[in-house]
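S.K.:
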Amino acid sequence: MATDSSPKQEIVVQGISASQGIAYGQIFVYLQSEVEIPSYQVDPDKRIDEIARFDKALLVTRQQISKIQNEVEKNLGKNEALIFDAHLLVLEDQALISETIREFETTGRNIETCFNNVSRKYIAAFAEIDDEYLRERAGDIRDVAQRVLQNLLGQAETSISRLVERRIVVANDLSPSDSAGIDRGSGLAIVTDSGSRTSHAVIVARSMQIPAVVGVRDLTKRVRTGDWALVDGYDGVVILNPSEQTLFRYGKIQSQKKSYESRLLAANRQKAVTLDGVSVTLMANIEKVEEIEQVKQFFAEGVGLFRTEYLFLNASRIPTEQEQFLAYKAVVEGVAPYPVIIRTLDLGGDKPMTSDPDLFPKEDNPFMGYRAIRFCLDNQQLFKDQLRAVLLASHFGKARLMYPMISGAEEMARANQMLDECKQELRARGQPFDETLEVGAMIEIPSAAATVDLLEKQADFFSVGTNDLIQYMLAIDRGNDRIAHLYEPAHPAVVRTIRRIVEDAHRLAVPVSVCGEMAGDPIYAPLLLGLGVDSLSMAPPSIPAVKFLVRAMTMADARALAADVLAMTSPKEIYAACQGFAQKRVPLD
Ligand code: PEP
Ligand code: MG
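According to the numbering used here, the sequence shown holds residues 1372 to 1960 in order.
Right, dumping it as structure tokens:
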């Protein structure tokens, strides 16, 4: 951490550009770390001290919560501060406290272990209750328990969802739920030590239009809360203690960018039709029900990817069939008459469900582990609840269903088998659904890409998940900043694979879309269209730039670009060709 208090010098730090935009403000340092609970036996003659330690941690926690409550009341108002009353009540819960002490007296294990066991039992019990108000208490207990444990272990606490002033969040790492939990009004920008352009936390920031720079290595060690910084999400630069000249220069850059972006926005009302008259379908990727607004605001022709796992990530327990149905129905109705592709759960990888750590034990290779369809086929009740919820929602608009991380035809057949069982169950219940619901697979594992001809007998459409496809093809962990420079969408292997997927799928007239981040990048969108991809799905704010380019090019030129690129050998050469294509048609500002 920086320690000198002399006049602050301007320092420029280069990272990876992850979400466009410029922000200037004070830093809030957020250190994400899981509380690891040591477990040990306490000497019988130290038992009184151990209980005193517990009492002290409860007292300190109470003081911390009261302080936050006062701040929130001051900054946001009385009502917003009320939530902390529930937190204070948890600390007075005699059952929780006396059960912890009883467990300590019986087992003699350290108080952290006993408190953790008891609070987890309570969290699980509350999470099961069929009453929404009581269920929410599970979240309160979890929050407070986390604080008590941090105090017992002498760890500093910082929480991102309690950010009440407009700040630049500088974090060592950010989970997708952390990122989704940042309030758009208070998160000025996001900067992380680790991460890459396609880590899920960054994808969320892009959708929320919060500037982000990732992979700045040890920045959290070099700054402290309250320092001033400028974040340039266009070039992936963070400037600490920017000088007057720098601020002036960026003021000019920002107004140029704004005027360019408003030109794009103005043109975005027009249809996505190329100069030679080919219509291109541009759809939206969304993570939350509220993003329906953005789907409309950016004139997306439907939702090409609804990442349903976010309904689970920020919940204190697994949403029921009915709760999911209401969420899916809201999106399907909100986006009608356009279609909504509802992707089944893609939990695991960098998106474990933290409210139930038993479901996702720690793994050495989470991206190659217990994730997405693998997890669903292993948790059939949970999967079937989701499938029924999607089927029920399909009655209210144009829904489609899509499985993530399909590795081959057998897995797809198993998923479809379960879908058939759900259809039977709904017919028996007399509940209507769209009998013609289309079912698709994401092509994001190389084994699926190599067997599209086997999959297409069971699929009505395919969507290429380039984020994962690239990581698995090139063996580059998509969240690892150390190798982020090797993550090459322009690698010949990637280009050839997409070409092959399209050719194989089109042989049986199965349409192919791309919903990975490549689709929303104006550098790559023409190449994908030239390779024969039928539609593109992207974060809603990416639509205007892609549409502008589509309207400035001919499909014939895009096909010629693809043909040229397919003959190239190096990613650099391919990137340059794509960049040249885009730059010739629109200024890529
Ligand atoms: C992908 O992998 O390209 C994709 C769209 O899915 P996600 O980013 O959610 O893994
Ligand atoms: Mg994926």
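Think of the CB as a built atom: it goes at the ideal place given N, C-alpha and C, for glycine as much as any other residue.
Less than 8 Å between the CB atoms is what I'm expecting for Val1674 and Ala1698, so what's the real figure, rounded?
M.R.: Here residue 1674 is taken as the residue at index 303 of the sequence shown, counted from 1. Here residue 1698 is taken as the residue at index 327 of the sequence shown, counted from 1. Wrong, their Cβ atoms sit about 13 Å apart, outside the cutoff.
S.K.: For the alpha helix (DSSP H) containing Thr1868, list its first residue and its last residue.
M.R.: Taking the first residue of the sequence shown as 1, we reach residue 1868 at position 497. Note, Thr1868: alpha helix (DSSP H), Pro1863 to Arg1878.
S.K.: Once you ignore the five residues that flank Pro1613 on each side, which residues in its own chain have a CB closer than 8 Å to its CB?
M.R.: As a first step, residue 1613 is located in the sequence shown; it is residue number 242 there, counting from the start. So the list reads Glu1381, Tyr1395, Trp1599, Ala1600, Leu1601 and Tyr1621, once near-sequence residues are dropped.
S.K.: Going by beta-carbon coordinates alone, are Gly1607 and Val1584 separated by less than 8 Å?
M.R.: Taking the sequence shown and counting its residues from 1, the one referred to as residue 1607 is at position 236. Taking the sequence shown and counting its residues from 1, the one referred to as residue 1584 is at position 213. Contact flag set, yes.
S.K.: Say yes only if the C-beta of Gly1951 is nearer than 7 Å to one or more non-hydrogen atoms of the ligand MG, and no if none qualify.
M.R.: The residue labelled residue 1951 in the question sits at position 580 within the sequence shown. Gly1951 Cβ: outside cutoff for every heavy atom of the ligand MG.
S.K.: Report yes if the C-beta of Glu1827 is less than 7 Å from at least one heavy atom of the ligand PEP; otherwise report no.
M.R.: Locating residue 1827 in the sequence shown gives position 456, counting from the first residue. No, Cβ of Glu1827 sits at least 7 Å from all heavy atoms of the ligand PEP.
S.K.: Within 10 Å of its beta-carbon, does Glu1782 have 16 or more other beta-carbons around it, so buried, or fewer, so exposed?
M.R.: Along the sequence shown, read from residue 1 onward, the residue named residue 1782 stands at position 411. It counts as buried.
S.K.: Based on the DSSP output, what are the partners of Met1654 in its beta bridges?
M.R.: Residue mapping note: residue 1654 aligns to position 283 of the sequence shown, counting from 1. BP columns for Met1654 point to Ser1908.
S.K.: Helix, strand or coil for Ser1557 per DSSP?
M.R.: Looking up residue 1557 in the sequence shown gives position 186. Looking at Ser1557 - three-state DSSP - the assignment turns out to be coil, as it is neither helix nor strand.
S.K.: Quick one: is the Cβ of Pro1860 within less than 7 Å of any heavy atom of the ligand MG?
M.R.: Counting from one through the sequence shown, the residue named residue 1860 turns up at place 489. Incorrect: Pro1860 has no Cβ contact closer than 7 Å to the ligand MG.
S.K.: For the ligand MG, which residues count as neighbours when the test is a C-beta closer than 6 Å to any heavy atom?
M.R.: Matched residues: Pro1775, Glu1815, Gly1836, Asn1838 and Asp1839.
S.K.: With burial defined as no fewer than 16 other Cβ atoms inside 10 Å of the residue's Cβ, what is the status of Arg1771: buried or exposed?
M.R.: On the sequence shown, position 400 is the one that residue 1771 refers to. So Arg1771 ends up on the buried side.
S.K.: In this structure, does DSSP put Asp1375 in helix, strand or coil?
M.R.: On the sequence shown, position 4 is the one that residue 1375 refers to. Confidence is the limiting factor: at Asp1375 the pLDDT is only 46, short of 50, which leaves the residue's position unreliable, though a coordinate-based value still follows. Coil.
S.K.: Would you decide whether His1856 is buried or exposed? Buried here means 16 or more other CB atoms lie within 10 Å of its CB.
M.R.: Counted from its first residue, the sequence shown places residue 1856 at position 485. It counts as exposed.
S.K.: Just reading off the beta strand (DSSP E) that Ser1388 is part of, what are its end residues?
M.R.: Position 17 of the sequence shown holds residue 1388. Per DSSP, Ser1388 belongs to the beta strand (DSSP E) from Ile1387 to Ser1390.
S.K.: Could you confirm whether any beta carbon from chain D is found closer than 8 Å to the beta carbon of Ala1846?
M.R.: Among the protein chains of the structure shown there is no chain D, as only one such chain exists.
S.K.: Which stretch, first to last residue, makes up the beta strand (DSSP E) that contains Gln1322?
M.R.: Missing from the structure shown is residue 1322; the chain here goes from 1372 to 1960 and no further.
S.K.: Return helix, strand or coil for Asp1603, following the three-state DSSP convention.
M.R.: Along the sequence shown, read from residue 1 onward, the residue named residue 1603 stands at position 232. In this structure, Asp1603 counts as strand in the three-state DSSP scheme.
S.K.: By how many angstroms is the C-alpha of Lys1794 removed from the C-alpha of Gly1768?
M.R.: For the purposes of this step, residue 1768 is identified with residue 397 of the sequence shown, where counting begins at 1. For the purposes of this step, residue 1794 is identified with residue 423 of the sequence shown, where counting begins at 1. For Gly1768 and Lys1794, the distance between alpha carbons rounds to 17 Å.
S.K.: In the DSSP assignment, find the beta strand (DSSP E) that holds Glu1809 and state where it starts and stops.
M.R.: As a working note, residue 1809 is residue 438 in the sequence shown. Note, Glu1809: beta strand (DSSP E), Glu1809 to Ile1814.
S.K.: So, for Thr1569: in the same chain, excluding its five sequence neighbours on each side, which residues have a beta-carbon less than 6 Å away from its beta-carbon?
M.R.: As a working note, residue 1569 is residue 198 in the sequence shown. These residues qualify, in order along the chain: Asn1838, Arg1849 and Glu1888.
S.K.: Beta-carbon within less than 7 Å of Asp1375's beta-carbon, same chain only, minus the 5 sequence neighbours each way: which residues are those?
M.R.: Counting from one through the sequence shown, the residue named residue 1375 turns up at place 4. Residue placement at Asp1375 cannot be trusted, given a pLDDT of 46 that sits under 50; the coordinates are not used to answer.
S.K.: Please determine whether the Cβ atom of Gly1887 lies at a distance below 7 Å from any heavy atom of the ligand PEP.
M.R.: In the sequence shown, counting from the first residue as 1, residue 1887 sits at position 516. The answer is yes for Gly1887.
S.K.: Leaving out five residues on either side along the sequence, give the residues of the same chain with a beta carbon under 6 Å from the beta carbon of Ala1916.
M.R.: Translated into positions along the sequence shown, residue 1916 becomes position 545. Within the same chain, Ala1916 has close Cβ partners Leu1635 and Pro1893.
S.K.: Can you tell me where the alpha helix (DSSP H) holding Arg1956 begins and where it ends?
M.R.: What you label residue 1956 is simply residue 585 of the sequence shown in a count that begins at 1. Unbroken alpha helix (DSSP H) run through Arg1956: Pro1942 to Arg1956.
S.K.: Taking the alpha-carbon of Pro1582 as reference, which of Ile1393, Thr1652, Gly1901 and Thr1925 has the nearest alpha-carbon?
M.R.: Locating residue 1582 in the sequence shown gives position 211, counting from the first residue. Checked all of Ile1393, Thr1652, Gly1901 and Thr1925; the closest Cα to Pro1582 is Ile1393.
S.K.: From Asp1805 to Val1761, what distance separates their C-alpha atoms?
M.R.: Counting from 1 along the sequence shown, the entry for residue 1805 is found at position 434. Counting from 1 along the sequence shown, the entry for residue 1761 is found at position 390. Those two C-alpha atoms are separated by around 10 Å.
S.K.: Three-state secondary structure (DSSP) at Ile1914?
M.R.: The sequence position of residue 1914 within the sequence shown is 543, counting from 1. In the structure shown, Ile1914 sits in a helix (DSSP, three-state: H, G or I).
S.K.: What separation, rounded to the nearest whole angstrom, lies between the Cα atoms of Lys1438 and Val1515?
M.R.: As a first step, residue 1438 must be located in the sequence shown, where it is residue number 67. As a first step, residue 1515 must be located in the sequence shown, where it is residue number 144. If I take the Cα positions, the gap works out to 14 Å.
S.K.: Since Ala1770 is in the beta strand (DSSP E), which residue starts that stretch and which ends it?
M.R.: The count along the sequence shown starts at 1 and reaches residue 1770 at position 399. Run containing Ala1770: Ala1770 to Tyr1774, per the beta strand (DSSP E) assignment.
S.K.: Pick helix, strand or coil for Ile1574, following the three-state DSSP scheme.
M.R.: The residue labelled residue 1574 in the question sits at position 203 within the sequence shown. Ile1574 falls in the helix class under three-state DSSP.
S.K.: Kindly list the residues whose CB is nearer than 7 Å to the CB of Thr1596, restricted to its own chain and excluding five residues on each side of it in sequence; keep chain order.
M.R.: Numbered from its first residue, the sequence shown carries residue 1596 at position 225. Excluding residues within five positions, the ones whose Cβ falls inside 7 Å are Ile1398, Phe1399 and Val1400.
S.K.: Mind checking Ala1560: buried by the 16 CB within 10 Å criterion, or exposed?
M.R.: Looking up residue 1560 in the sequence shown gives position 189. By the neighbour-count rule (16 or more Cβ atoms within 10 Å), Ala1560 is buried.
S.K.: Considering only the alpha carbon of each residue, which of Lys1449, His1571 and Asp1426 lies closest to Val1519?
M.R.: Counting from one through the sequence shown, the residue named residue 1519 turns up at place 148. It is Asp1426 whose Cα lies nearest to the Cα of Val1519.
S.K.: Would you report the Cα separation of Asp1420 and Ile1713, rounded to the nearest angstrom?
M.R.: Looking up residue 1420 in the sequence shown gives position 49. Looking up residue 1713 in the sequence shown gives position 342. Using only the alpha carbons, I get a separation of about 54 Å.
S.K.: Are there 16 or more other CB atoms within 10 angstroms of the CB of Lys1492, so buried, or fewer, so exposed?
M.R.: As a working mapping, residue 1492 is identified with position 121 in the sequence shown. By the neighbour-count rule (16 or more Cβ atoms within 10 Å), Lys1492 is not buried but exposed.
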